Amino acid sequence: MASRANHLVFLGCGLLCAAALVFAVASAPSAAEGPQGGPAAPAASAPAAPNFPVASGARLAGDDKQTRFILDLDRKIEFRAFPLADPYRVVVDIPQVNFQLAAGTGSAGRGLVKAFRYGLVMPGGSRIVFDLAGPVKIANSYVLDAANGQPPRLVLDFEAVDRTAFVQPPAPESRPELKPAISDANTSSNTVTVPPVTTAALPPVAVTDPRPLIVIDPGHGGIDNGTQSGGETEKNLVLGFGLALRDRIEKSGKYRVVMTRSDDTFISLNDRVKIARTQSAALFVSIHADALPRREGDAQGATIYTVSDKASDAEAERLAEAENKADAIAGVNLTDEPTEVADILIDLAQRETKTFSNRFARLLMDEMKTSVRMHKHPLKSAGFRVLKAPDVPSVLVEIGYVSNKGDLEHLVSETWRNKAVGAMAQAIDAFFAKRLATAGPAK
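First residue of the sequence shown? That's 152 in the working numbering, and the numbers climb one at a time after it.
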């Protein structure tokens with residue numbers, strides 16, 4: 152037992168000490184670094200709503216040799232841009248922006264840019280990610296002042312280069328942690344300040360509270376919309392479901408609950424796992440809503456996944472591969488993820504955690520099938536990165552398919568959601584009643 156405990160401590164330290172995001176600055180001369188204009192943003196503690204910059208338009212121009220991106224703003228902002236390879240991308244970090252862009256903006260590319268996406272990547276910070284047709288260099292990047300009736304504009308010029316000329320990330324030991332997208336020097340009082348990453352702001356565990364702690368993890372968020380259909384996005388559907396589940400669980404008074412996100416914020420997969428581990432969670436429930444490409448036919452019903460190094464079927468493998476790309480969608484470099492993240496549950500020392508995960512999955516299936524429609528194969532397994540905490544029983548629940556008309560009608564129905572949430576709450580009660588009886592008090 153002592154060696155197993157030491158092994159868990161070692162693995163935990165490995166996860167918590169993992170290097171953070173790659174960061175390389177690419178900006179233009181003084182135009183991008185000058186003082187900002189416009190009204191000052193209120194302090195984070197001020198009662199008034201933050202006065203975030205507004206982006207009102209975005210467009211691409213040029214060809215497959217040179218491509219320009221233009222973002223219309225209502226004031227000047229600071230920014231940082233850096234490239235990532237495999238796949239080729241350029242990431243632009245900016246202060247939190249209210250994107251008021253036309254529907255579909257970024258879905259169609261031009262020249263060197265295949266497409267781009269944008270959104271919140273952490274509280275106070277937004278991000279734009281460009282998917283590229285090949286390697287590029289950022290030839291120019293700057294913010295223009297408002298002039299001649301035209302608004303301030305963020306401009307980036309991309310030029311085609313060969314792979315050897317592509318700017319590569321710094322070595323792992325020199326990679327800085329993700330920081331606010333604001334220049335450290337020459338910032339004025341009008342700068343929008345970005346607070347630290349969400350996980351750092353989590354309250355410490357109340358050691359005097361013996362109630363089991365449950366982490367609810369609404370998938371995707373911020374810049375990562377997840378699946379989309381009929382004007383609905385997965386990130387919004389699962390957030391609403393997760394908040395309803397939180398309220399139901401908290402109402403019982405039996406458990407403490409932590410949300411990985413409670414608003415439209417991007418949280419990396421690694422940080423979702425960290426939240427569960429640093430909060431000493433007794434159960435981790437990740438909520439998602441799947442979609443099948445049209446060429447793959449139709450599917451419906453809820454599915455419950457546990458982690459495995461080998462997928463239970465081709466569909467589970469496809470879904471795990473898609474979900475594991477969430478960090479790449481937001482421009483996070485995964486090249487140097489520690490092996491503990493990739494292989495941690497393969498270790499035989501984690502059998503107990505997997506046993507509890509599988510037990511909860513079966514209980515959840517039994518409860519849900521009496522209230523909501525289930526997939527024809529409701530229990531599956533695959534290598535989901537978000538389920539790989541070594542000492543926290545974890546499941547990922549696909550509550551339905553947004554690509555199926557019937558499921559989508561359920562997903563937007565409050566009546567259906569209440570039934571599904573009630574079934575989950577009953578499964579949680581059954582799980583902890585049995586676990587306390589067989590394994591002693593929950594941690």
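No residue lacks a Cβ here, since even glycine has one placed at the ideal position from N, Cα and C. Computed from a prediction, not measured in an experiment: that's the story for all the values here.
query: Out of Gly262, Asp223, Ser437, Ala284, which has the shortest C-alpha to C-alpha gap to Arg304?
result: For the purposes of this step, residue 304 is taken as residue 153 along the sequence shown, with counting starting at 1. Taking only the C-alpha atoms, the option nearest Arg304 is Asp223.
Just to confirm before moving on: does the CB-CB distance between Ser207 and Gln251 stay below 7 Å? For this step, residue 207 is matched to residue 56 along the sequence shown. For this step, residue 251 is matched to residue 100 along the sequence shown. Closer than 7 Å, so yes.
How long is the line joining the alpha carbons of Val390 and Leu420, rounded to whole angstroms?
Position 239 of the sequence shown, counted from the start, is the residue given in the question as residue 390. Position 269 of the sequence shown, counted from the start, is the residue given in the question as residue 420. Per the sequence shown, the amino acid found at residue 390 is Leu instead of Val. Rounded to the nearest angstrom, the two C-alpha atoms are 16 Å apart.
message = For Ile550, tell me which candidate among Asp441, Ile374, Thr218 has the shortest Cα-Cα distance.
response = Walking along the sequence shown from the start, residue 550 turns up at place 399. Put simply, of Asp441, Ile374, Thr218 the residue whose alpha carbon is nearest the alpha carbon of Ile550 is Asp441.
Practice item. Count the other C-beta atoms from every protein chain shown that fall within 10 angstroms of the C-beta of Pro361, then say buried if there are 16 or more, exposed otherwise. Key: Residue 361 sits at position 210 when you count from the first residue of the sequence shown. Exposed, by the Cβ-count rule.
**Item:** Anticipated Cβ contact below 8 Å, Pro238 with Asp282, distance rounded
**Value:** Along the sequence shown, one-based indexing puts residue 238 at 87. Along the sequence shown, one-based indexing puts residue 282 at 131. Between Asp282 and Pro238 the Cβ distance is about 7 Å, and since that is below 8 Å, they are a contact.
Exercise for review: Throw me the rounded Cβ distance for the Leu364 and Val409 pair, which I believe falls under 8 Å.
Suggested key: As a position in the sequence shown, residue 364 is number 213, starting the count at 1. As a position in the sequence shown, residue 409 is number 258, starting the count at 1. About 6 Å separates the beta carbon of Leu364 from that of Val409, a gap short enough to meet the 8 Å contact definition.
Notebook entry, point to check: Going by other Cβ atoms of all chains shown within 10 Å of its Cβ, with 16 needed for buried, is Ala574 buried or exposed?
Noted result: In the sequence shown, the residue the question calls residue 574 occupies position 423. It is buried - the Cβ of Ala574 has at least 16 other Cβ atoms within 10 Å.
So, do the region 385-399 and the region 506-522 have three or more beta carbon pairs nearer to each other than 8 Å?
Cβ pair count under 8 Å is below three, so no.
Quiz item: How close, in whole Å, do the beta carbons of Ala311 and Leu263 come, if the pair is a contact with beta carbons under 8 Å?
Solution: In the sequence shown, counting from the first residue as 1, residue 311 sits at position 160. In the sequence shown, counting from the first residue as 1, residue 263 sits at position 112. Cβ-Cβ separation between Ala311 and Leu263: approximately 6 Å, consistent with a contact (criterion under 8 Å).
Thinking C-beta only, is Gly370 closer than 7 Å to Thr416?
Mapped onto the sequence shown, residue 416 falls at position 265. Mapped onto the sequence shown, residue 370 falls at position 219. Their beta carbons are not under 7 Å apart, which means Thr416 does not touch Gly370 by this criterion.
Going by the beta-carbon positions, is the gap between Leu530 and Gly381 smaller than 7 Å? Here residue 530 corresponds to residue number 379 of the sequence shown, with the count starting at 1. Here residue 381 corresponds to residue number 230 of the sequence shown, with the count starting at 1. Between Leu530 and Gly381, the C-beta spacing is not below 7 Å.
Exercise for review: Buried or exposed for Asn249, please, with buried defined as at least 16 other CB atoms from any protein chain shown within 10 angstroms of its CB.
Suggested key: Residue mapping note: residue 249 aligns to position 98 of the sequence shown, counting from 1. Flag for Asn249 reads exposed.
### Query
Looking at C-alpha atoms only, which residue of Val543, Arg226, Ala450, Val272 is the closest neighbour of Ser431?
Here the question's residue 431 lines up with position 280 in the sequence shown. For the residues Val543, Arg226, Ala450, Val272, the minimum Cα distance to Ser431 belongs to Val543.
Can Phe108 and Pro286 be called in contact, C-beta distance under 7 Å?
-> Residue 108 lies beyond the range of the chain shown here (152 to 594); nothing can be said about it.
**Asked** Based on Cα-Cα distance, which residue from Leu515, Val458, Ser545 lies nearest to Asp580?
**Response** As a first step, residue 580 must be located in the sequence shown, where it is residue number 429. Closest option to Asp580, Cα to Cα, is Leu515.
Quick check: the Cα distance between Asn569 and Ala576, rounded to an integer number of angstroms? By 1-based counting over the sequence shown, the position of residue 569 is 418. By 1-based counting over the sequence shown, the position of residue 576 is 425. Asn569 and Ala576: Cα-Cα distance of roughly 10 Å.
Worksheet item: Nearest CA to the CA of Lys425: which residue from Ser463, Lys216, Thr411?
Response: One-based indexing of the sequence shown puts residue 425 at position 274. For Lys425, the nearest C-alpha among the options comes from Thr411.
Separation of Ala236 from Pro489, as counted between CA atoms:
Stepping through the sequence shown from its first residue, residue 489 is reached at position 338. Stepping through the sequence shown from its first residue, residue 236 is reached at position 85. Reliability of the predicted coordinates at Pro489 is poor, the pLDDT of 46 falling under 50, and the value obtained from them is presented with this limitation in mind. Spanning the two alpha carbons is a distance of roughly 19 Å.
> Which class does Thr566 belong to by DSSP, given the choice of helix, strand or coil?
Replying inline: Numbered from its first residue, the sequence shown carries residue 566 at position 415. Reduced to three states, the DSSP call for Thr566 is helix.
Next item on the list: Could you please give the first and the last residue of the uninterrupted beta strand (DSSP E) stretch that includes Glu549?
Entry: By 1-based counting over the sequence shown, the position of residue 549 is 398. Glu549 -> beta strand (DSSP E) spans 545-552.
message: For Arg428 and Asp464, I'd like the C-alpha separation in whole angstroms.
response: Taking the sequence shown and counting its residues from 1, the one referred to as residue 428 is at position 277. Taking the sequence shown and counting its residues from 1, the one referred to as residue 464 is at position 313. Just so you know, the alpha carbons of Arg428 and Asp464 end up roughly 29 Å apart.
inquiry  = Using only the alpha-carbon positions, how far apart do Phe220 and Arg210 sit?
reply    = Reading the sequence shown from its first residue, position 69 is the one you call residue 220. Reading the sequence shown from its first residue, position 59 is the one you call residue 210. Their Cα atoms are separated by approximately 6 Å.
Review point. Can you give the beta carbon distance from Ala471 to Tyr552, rounded, assuming they're within the 8 Å contact cut?
Key: The sequence position of residue 471 within the sequence shown is 320, counting from 1. The sequence position of residue 552 within the sequence shown is 401, counting from 1. Ala471 to Tyr552, Cβ: 16 Å. No contact.
Worksheet item: Since Tyr456 contacts Ala533 with CB under 8 Å, what's their CB separation in whole angstroms?
Response: Sequence index remark: in the sequence shown, residue 456 carries index 305 (1-based). Sequence index remark: in the sequence shown, residue 533 carries index 382 (1-based). Correct: roughly 6 Å between the Cβ atoms.
task: Taking all protein chains shown into account, decide if Pro444 is buried (16 or more other Cβ within 10 angstroms of its Cβ) or exposed.
output: Residue mapping note: residue 444 aligns to position 293 of the sequence shown, counting from 1. Pro444 should be labelled exposed.
C-alpha distance - Glu565 paired with Leu388, whole-angstrom precision: Position 414 of the sequence shown, counted from the start, is the residue given in the question as residue 565. Position 237 of the sequence shown, counted from the start, is the residue given in the question as residue 388. Spanning the alpha carbons of Glu565 and Leu388 requires a straight line of approximately 11 Å.
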